[in-house]
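Student: Residue numbering for the sequence shown follows this note's numbering, beginning at 23 and increasing consecutively.
Positions of the beta carbon are idealized from the N, C-alpha and C atoms, including for glycine.
Before anything else, here's the structure in question.
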Amino acid sequence: MGVIYVALGMTVAAVGLLLWFLSHEHYLYGFFKMLASTGFIFLCISSGGIHSAYGLIILVGLVLSWWGDLFLISRGAGIFMLGLVSFFLAHICYIAAFIVYGTDLSSALIALAALIVPCAFIVRWLHPHLGKMRIAVYAYMCVITLMAALSVSAAAAHGGLLIPLGAILFFCSDIFVARDRFVRPGNINAYIGLPLYYSGQVLLAMTPLYVQ
23 MGVIYVALGM TVAAVGLLLW FLSHEHYLYG FFKMLASTGF IFLCISSGGI
73 HSAYGLIILV GLVLSWWGDL FLISRGAGIF MLGLVSFFLA HICYIAAFIV
123 YGTDLSSALI ALAALIVPCA FIVRWLHPHL GKMRIAVYAY MCVITLMAAL
173 SVSAAAAHGG LLIPLGAILF FCSDIFVARD RFVRPGNINA YIGLPLYYSG
223 QVLLAMTPLY VQ
């Protein structure tokens, strides 16, 4: 457990430092962002992520997220697309992990139905701003929505809140990524979105502790 606390502490400290350096527009922002992302990978490994099929798939998703975080440091459209693809594949991994763990179909359908309304508002909000990125963003929205719904169904099948809470926090954090990239850029998006994102990833990274 000591290694888990070290990895968790490293991630939390790095998030705090990256937000501080972001507020000062310092180049070390990127360094501490990647340190925080490295932290959730080590957290998953120390939580038993290499000892089960579920854990290994979550770990692959976290590694893909690491690459997504690296790509999203850049403001370039081409690099952003690489980040979008990385996170798309990460969500595919999370979906696969939840299916391996076991899900409840009726709960998944109810969760999908519940997510349709907020997703419709998000689509309407983003649509005028997406341009050529429209298809890619909508495909990404579909996969992250499915990931969130299956996280709820996994919890319904087995109990526990860690998986759905992590997934929903990740889902919410992406609203601020979209706002920053397409609607209204500004550090406020990172101040809200990054704590949501890293909280979600930390929770997902710790789930192998409880999923055997």
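1) Got a sec? Which residues, its chain only, sit under 8 Å from residue 203 by beta carbon, not counting five neighbours each side?
2) Whole angstroms are fine: how far does the CA of residue 164 sit from the CA of residue 62?
3) Counting only the same chain and skipping the five closest in sequence on each side, list residues whose C-beta sits under 6 Å from that of residue 185.
4) Are the region 129 to 142 and the region 91 to 105 in contact at 8 Å, needing three or more beta carbon pairs?
5) Taking Cβ to Cβ, would you say residue 33 is nearer than 8 Å to residue 81?
6) Could you pull out every residue in the same chain whose Cβ sits closer than 7 Å to the Cβ of residue 137, ignoring the five residues on either side in sequence?
7) For residue 156, is the classification buried or exposed, using 16 other Cβ atoms within 10 angstroms of its Cβ as the cut-off for buried?
8) Comparing alpha-carbon positions, which option in 224, 215, 200 and 59 lies nearest residue 145?
9) Mind reading off the beta-carbon distance from residue 74 to residue 233? Whole number of angstroms is fine, and I expect it under 8 Å.
10) On the three-state DSSP scale, how would you describe residue 144?
Tutor: Well, looking at it:
1) 102
2) 25 Å
3) 173, 176, 177 and 229
4) no
5) no
6) 167, 170 and 171
7) exposed
8) 200
9) 7 Å
10) helix
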